[in-house]
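Okay, so here's the structure we're looking at.
4 protein chains.
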Amino acid sequence: MIRVAVNGYNVIGRRVADAVSAQKDMELVGVAKTRPDYKAVIALKKGYKVFAADEKGRRSFQEFGMACSGLSRDMVELSDIVVDATPDEVGVANKAMYSELGKNAIFQGGEEPDIAGLSFVAQCNYEKARGHKFVRVVSCNTTTLCRVLNALDQSFGVEKARVVIARRAADPDEFKKGPIDAVVLDPATIPSHHGPDVNTVLPHFPVISMALKIPTTHMHLHSLIVTVKDKSVNDSKVIDKLRKTPRLMFVDSGKDGFKSTANVIDYARELGRPRNDLYESVVWKDSIKAIDNEIYFFMAVDQEAIVIPENIDAIRAMMGKESREQSMKMTDKSLGITAPAL
Amino acid sequence: MIRVAVNGYNVIGRRVADAVSAQKDMELVGVAKTRPDYKAVIALKKGYKVFAADEKGRRSFQEFGMACSGLSRDMVELSDIVVDATPDEVGVANKAMYSELGKNAIFQGGEEPDIAGLSFVAQCNYEKARGHKFVRVVSCNTTTLCRVLNALDQSFGVEKARVVIARRAADPDEFKKGPIDAVVLDPATIPSHHGPDVNTVLPHFPVISMALKIPTTHMHLHSLIVTVKDKSVNDSKVIDKLRKTPRLMFVDSGKDGFKSTANVIDYARELGRPRNDLYESVVWKDSIKAIDNEIYFFMAVDQEAIVIPENIDAIRAMMGKESREQSMKMTDKSLGITAPAL
Amino acid sequence: MIRVAVNGYNVIGRRVADAVSAQKDMELVGVAKTRPDYKAVIALKKGYKVFAADEKGRRSFQEFGMACSGLSRDMVELSDIVVDATPDEVGVANKAMYSELGKNAIFQGGEEPDIAGLSFVAQCNYEKARGHKFVRVVSCNTTTLCRVLNALDQSFGVEKARVVIARRAADPDEFKKGPIDAVVLDPATIPSHHGPDVNTVLPHFPVISMALKIPTTHMHLHSLIVTVKDKSVNDSKVIDKLRKTPRLMFVDSGKDGFKSTANVIDYARELGRPRNDLYESVVWKDSIKAIDNEIYFFMAVDQEAIVIPENIDAIRAMMGKESREQSMKMTDKSLGITAPAL
Amino acid sequence: MIRVAVNGYNVIGRRVADAVSAQKDMELVGVAKTRPDYKAVIALKKGYKVFAADEKGRRSFQEFGMACSGLSRDMVELSDIVVDATPDEVGVANKAMYSELGKNAIFQGGEEPDIAGLSFVAQCNYEKARGHKFVRVVSCNTTTLCRVLNALDQSFGVEKARVVIARRAADPDEFKKGPIDAVVLDPATIPSHHGPDVNTVLPHFPVISMALKIPTTHMHLHSLIVTVKDKSVNDSKVIDKLRKTPRLMFVDSGKDGFKSTANVIDYARELGRPRNDLYESVVWKDSIKAIDNEIYFFMAVDQEAIVIPENIDAIRAMMGKESREQSMKMTDKSLGITAPAL
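Chains as they are written, first to last, in my numbering: chain U, 1 to 342; chain Z, 1001 to 1342; chain D, 2001 to 2342; chain E, 3001 to 3342.
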């Protein structure tokens, strides 16, 4: 059993904790949280040990009258590996503690690439994680881009990829963030950081990304324009390849009625997924068009969930004996990821 | 076993079908739908028989290549009772068919009160439903108002209730509806229809409602101002009474961190509720203030889910032998409604 | 000529500067700003002298290559009175400087009432401002409530006022603020600060306010419930009184098509108002209902503009010789506020 | 004097009427409207003759007690040319009437290209309009794309243009339209209609567009990726060319603080533009990047205003003697379009 600690219990940490609990070869040591609230109440109800991030947090747990199993450092000591799901740039401060205690750790994509020796996407570079003390699971947008660009590269040879990312501006529970009625952009950075971040995993072709923030809370929406070397590429070849790509789900606007990201989330709710999470990259099948040797399509990504299976696979890639295929299969089964229904 | 058909398979119908399936004393005959789409795909996956609303629909199911078990009329013939969850004002047209076939039926709150002999809220008038051929389960806003006003009336004697309802303008999957950045109101109707609709269930005190539509998709938000006869009323008496009221959940903005409706929905996701549904009226405990003999508080209602337990209880109230307490207990257990955790 | 300095050049400051410039008896000394940007560019184009808030700001103006006439302190020295339109709680820090330099000052409603000897609304207490060194113009919500409640009190005797305020969560250019899809509330404070703030101007009856933040950028929306002493009150008496109330505009949802706050803003654009500003309290005429001795209606307020005429009148009330009627007439004429057209 | 009638008085019609009134060589015959409301009230205040679209409309004007100068047909008879600003696909029905009366007409971009002999953008094909009985001013998105692509083509030779358009889902006063919290897309159409529509004006290179609808009410946001023949292209050459392009405004996110479309609209309000209209294509200067021979940048377009100068120029191109340069200069001066300030 791999003993896993989860440091940080917000969007990613909550989901990783549940996913770790669902693995037969892993044991959840506990979760660390900065303060008590309804999320902590439910963590305790699920039987998770809750640790405080620091002494101040421990006191607030006491005042709240809520069980607290110690400090996050205590939790780390009891574990083989830590999944660090603290906010952006807190992870880098935690790294010293993990090193000092001689523990392996996984960081999230909000950290800079150089925090770890490897930027990780299971289907791209699972094997390389073995032996690494620190691994960084890349962000939601980078993960989904790596999945599809790696697949297209395998079959058609990617020459250049361009993507416009319409980013949801806030997670569903981030009620302080806007905008309410505007598009926010960072024009000084074309390409945005997403393209270069893909290159930390897939270094062999340029990826130029342009990013907008829009007033939605569900899913980033990617508009892809991918030039490939194979001039014989056509719509059905692309469809065939993506259909076989793991952790990718097709939807169809016409036949199935997926006219918007709202329908995709509604579909996740119908599927009965916990928290209506979608771990899959969602590609509109009827958007796929190959015009000359340029491939166009729309893809959506559930920013809360897509990296969860990657975190689980990263744990095994670093600590276990399973092959990529074995690990991905175990992870997918435990999370209910199956071959796409539609 | 009560054989139940569900006519209409959108927001309410989908949830009623699942809830009927979860009852030991009920059998889901099937669901009727106007057209094939991802919702129908998943209904079939769940093992539900899907019927077409009409011949045109049947042909579209055939073209889609999807199993269709007949027309909605066929489904009704196989059932003891129909839950009509078709869009507003379609129910009234269906009523003739139900009558002709001699079937009992439950209509939703979007229909006019006179469609049925009784407007129903389980904890207010369960017993009156027995013997009725047709019953109307009142709308989400009316249901939640009836729950709390009935409770306050029992303990303190309601003299007059006023409520301002900030209505979510669209359900999460209704992507065509706005507004995007405005408040929509119907000034010509103060009181809005909600107050008089409460009086179809609780006729003994005036309820004056003012309604706004705002750009959100989750939960209506009620601001209540209730004058009571008992001049000794105070905050803690109100809290005590509401704590004992069935299908009511307290949240707290301070201790528990419920600062917005976004937190309430997030909480439902953490609870693992299917589709993150909340069947309970959600009252902010720390908002409850009794100033003289006037009670003020905030309440939120999940417009997709709150009437689901009421539909189940209405079936039993009309067709079964169980008492109100027995039925509500059976329903609540099957849906995971427990005494509020927080 | 009254020499007026405007400290702070965001939502309120920009408008006050323009309004001061439009008065025959006032002279705009200049405006102070923390940093150079497009707003400063246009201020200079209008011929306003721009001062930096501090040395750091002065350097950033220099780096930008933009004319800067000195520091805000220099500006204050050149003036008879300062309108402080700095962000909430900065005004209190500036007060010491104004005092030291022996200058009069007007603060905005974001400051605590005790910053000044008087909380001001022109039509309620203009005369009281004379002789005050410091006056506080109350906030947008308080201003509009004072206007209508004062009017109703004059005619019918207000016994108790209750109001639910659905607040726009951000100004149109505040792109960082949310929520995007939620209602944010502060349940621990019923009444919200608005009711007690009205009592700083109108102390003779209780005002109980409940406040929500909603995802809009234009106009706060008030739902009022006002109990009056005069039991003979009826709809048309209320309409007659409000029609004669200064700085109040009627709209009608039926005849004129005002179905939403979006129509009100559209109307302001059609009127050709600068920045589509509405200085008037906007009351839906067809929402006015008197039920027994309780008056119900909807009112909207343009949070960016409503306090502008009040600031101008406060200047005259403190520094000039004009009567209330004279000052309000001068102000209204200069801003294009006329008797309501509709 | 060219006698101009404006048929339709919503987003475009209202602005065209004002713009026609501001031209020295044109006379506004009147405007036609389907029903009376606040927009009609203000049209009358401005001194415009208001005509009813049909007999039913005329009766509703009478019931409203509002002056009505006749039917739209009467208005057309009094004019030399009609600007048809009726909703999409109504224009095609009106065309028969215009033909029958022997009148020239200008249609808007919501109509199909074949409604007129020419799709028009002033700076691309002004001269071709002479002699045409019917001209179609292309839509807002097509207009802005034509302006910049024509300019880039002149200097660098466009090989292929790709654009992702994040469309505002509703105009500010369209309070019924959503989505509220979703991205709506039409995956079945890549390219969306915008690219081919550009080719009705600029036929010599492919334009592949992908379109999304997002929950905003102000400005469409274009992300452009343009491959050019000139391999020596670089950032500053592109900036130089676009700086000289008519009806194009640069903004800068760093120096000037334009971080979002909200700032652009705020800027228009500061400029004192009527209705805060921006007739210019807005390009973020600091977004312009030439990577190899591919040019990337962000552009925003005020969907309500950008086609207004094009309509005025189209009138002159069809009916007058002025050259393109003369007409554009007259139009720009009348509307306050100057060389970009920033």
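Virtual Cβ for every residue (Gly too), placed ideally from N, Cα, C. Remember, it's a predicted structure, so these values are computed and weren't measured experimentally.
Answer yes or no: does any C-beta atom of chain E fall closer than 8 Å to that of Val1184(Z)? Interface annotation, Val1184(Z): in contact with chain E, CB-CB separation under 8 Å.
Coil, strand or helix - Met75(U) by DSSP: Looking at Met75(U) - three-state DSSP - the assignment turns out to be helix.
Members of the segment 2207-2241 of chain D near chain Z, C-beta cut-off 7 Å: Against chain Z - using a Cβ distance shorter than 7 Å - the residues of the segment 2207-2241 of chain D are Ile2208, Met2210, Leu2212, Ile2214, Pro2215, Thr2216, Thr2217, His2218, Leu2221, Ser2223, Ile2225.
Using CA coordinates, which residue listed in Cys1140(Z), Gly1013(Z), Phe1061(Z) is at the minimum distance from Pro1036(Z)? The candidate whose alpha carbon is nearest that of Pro1036(Z) is Phe1061(Z).
Let's test the definition: count the other Cβ atoms within 10 Å of the Cβ of Arg2269(D) and tell me whether it reaches 16, buried, or not, exposed. When all chains shown are included, Arg2269(D) counts as buried.
What residue range does the beta strand (DSSP E) around Phe3120(E) cover? Residues 3118-3120.
Going by DSSP in three states, Arg1247(Z) sits in which element: helix, strand or coil? The DSSP-derived three-state label of Arg1247(Z) is coil.
For Pro3274(E), decide whether its Cβ has a neighbour in chain Z, counting only Cβ atoms nearer than 8 Å. No - not a single Cβ of chain Z is within 8 Å of the one on Pro3274(E).
So within the segment 1208-1269 of chain Z, which uninterrupted beta strand (DSSP E) runs reach at least 3 residues, ignoring any that extend past its ends? You should have 1220-1228, 1248-1251.
Closer than 8 Å, CB to CB, is Ile1012(Z) near chain E or not? Chain E places no beta carbon closer than 8 Å to that of Ile1012(Z), leaving this residue out of the contacts.
Just to confirm the assignment, what range does the beta strand (DSSP E) spanning Lys3329(E) have? Premise fails: Lys3329(E) lies in the alpha helix (DSSP H), 3324-3335, not in any beta strand (DSSP E).
Rounded C-beta distance between Val1121(Z) and Glu1280(Z)? I'm assuming under 8 Å. Separation of the CB atoms of Val1121(Z) and Glu1280(Z) is rounded to 14 Å, and the pair is thereby denied contact status at 8 Å.
Do you know how far the Cα of Ser2021(D) is from the Cα of His1193(Z)? When rounded, the separation of the alpha-carbon atoms in His1193(Z) and Ser2021(D) is 49 Å.
Nearest neighbour of Asp1088(Z), chosen from Gln1108(Z), Gln1123(Z), Asp1266(Z) [CA to CA]: Shortest Cα-Cα distance from Asp1088(Z) to any of Gln1108(Z), Gln1123(Z), Asp1266(Z) involves Gln1108(Z).
Scan the segment 3324-3338 of chain E for residues whose Cβ lies nearer than 7 Å to a Cβ of chain U and list them as they occur along the chain. With the criterion set as a beta carbon lying under 7 Å from some beta carbon of chain U, the segment 3324-3338 of chain E has no members that meet it.
For Ala1290(Z), I'd like the list of residues in its chain whose CB is within less than 7 Å of its CB, leaving aside the five on either flank, ordered along the chain. Close CB contacts of Ala1290(Z) within its chain, under the 7 Å cut and outside five residues either way in sequence, are with Val1233, Asn1234, Asp1235, Val1238 (chain order).
If you follow the alpha helix (DSSP H) that Val2090(D) is in, where does it begin and where does it stop? Counting along the chain, Val2090(D) falls outside any alpha helix (DSSP H), and DSSP gives it neither H nor E.
Here's a check: name, in chain order, each residue in its chain whose Cβ is nearer than 8 Å to the Cβ of Gly1320(Z), leaving out the five neighbours to either side. Hits under 8 Å: Ile1002, Asp1025, Ser1327.
Look up Ala3341(E) in the DSSP assignment and say whether it is helix, strand or coil. Note that Ala3341(E) scores 44 on pLDDT, short of 50, meaning its location in the model is unreliable; the coordinates nonetheless yield the value given after this. Ala3341(E) falls in the coil class under three-state DSSP.
Over the uninterrupted beta strand (DSSP E) stretch that includes Lys3039(E), give me the two end residues. Following the DSSP letters along the chain, one finds Lys3039(E) in no beta strand (DSSP E) but inside the alpha helix (DSSP H) bounded by residues 3038-3045.
Ignore the nearest five residues each way along the sequence and tell me which others in Lys2213(D)'s own chain have a CB closer than 6 Å to its CB. Excluding sequence neighbours, Lys2213(D) sits near Arg2167, Ala2169, Val2184.
Same chain, Cβ closer than 6 Å to Leu3145(E), neighbours up to 5 away in sequence not counted: Within the same chain, Leu3145(E) has close Cβ partners Val3198.
My assumption, with CB atoms under 8 Å, is that Thr200(U) sits in contact with Ser139(U). Please give the rounded CB distance. Ser139(U) and Thr200(U) do not touch by the CB rule: their CB atoms are close to 11 Å apart, not below 8 Å.
Residue range of the alpha helix (DSSP H) that includes Phe64(U): Looking at the DSSP string, the run of the alpha helix (DSSP H) that includes Phe64(U) is 55-64.
For Val2283(D), the nearest candidate out of Ile2106(D), Gly2272(D), Lys2241(D), Ala2005(D) (CA to CA): Ranked by Cα distance from Val2283(D), the options Ile2106(D), Gly2272(D), Lys2241(D), Ala2005(D) are led by Lys2241(D).
Rounded separation between Thr216(U) and Val1083(Z) - CA only: Cα to Cα, Thr216(U) sits roughly 34 Å from Val1083(Z).
Quick one: grab the DSSP three-state call for Val1016(Z). Reduced to three states, the DSSP call for Val1016(Z) is helix.
Select from Ala1019(Z), Arg1147(Z), Glu1111(Z) the residue whose C-alpha is nearest the C-alpha of Arg1136(Z). Arg1136(Z) has its Cα closest to that of Glu1111(Z), out of Ala1019(Z), Arg1147(Z), Glu1111(Z).
Using the Cα positions of Asp1153(Z) and Glu1159(Z), report the straight-line distance between them to the nearest angstrom. Straight-line Cα distance between these residues: approximately 8 Å.
In whole angstroms, give me the CA-to-CA distance for Val3228(E) and Arg3247(E). Linking Val3228(E) to Arg3247(E) through their CA atoms gives a straight-line distance of about 22 Å.
Same chain only: Cβ atoms within 6 Å of Arg1015(Z), ignoring 5 sequence neighbours per side: Ile1308.
Using only the alpha-carbon positions, how far apart do Ala116(U) and Lys1244(Z) sit? Roughly 53 Å between the two C-alpha positions.
Within 8 Å, strictly: CB atoms of Ile2295(D) and Val2226(D): Cβ distance < 8 Å, so Ile2295(D) and Val2226(D) count as in contact.
Neighbouring residues, chain E, relative to Thr261(U) (Cβ below 7 Å): Chain E residues near Thr261(U): Ala3182, Val3183.
Closest by C-alpha distance to Ser253(U), when choosing among Leu221(U), Gly272(U), Asp286(U), Arg59(U): Distance from the Cα of Ser253(U) is smallest, within the candidate group Leu221(U), Gly272(U), Asp286(U), Arg59(U), for Asp286(U).
DSSP-derived helix/strand/coil call for Tyr98(U): Of the three classes helix, strand and coil, the one that applies to Tyr98(U) here is helix, per DSSP.
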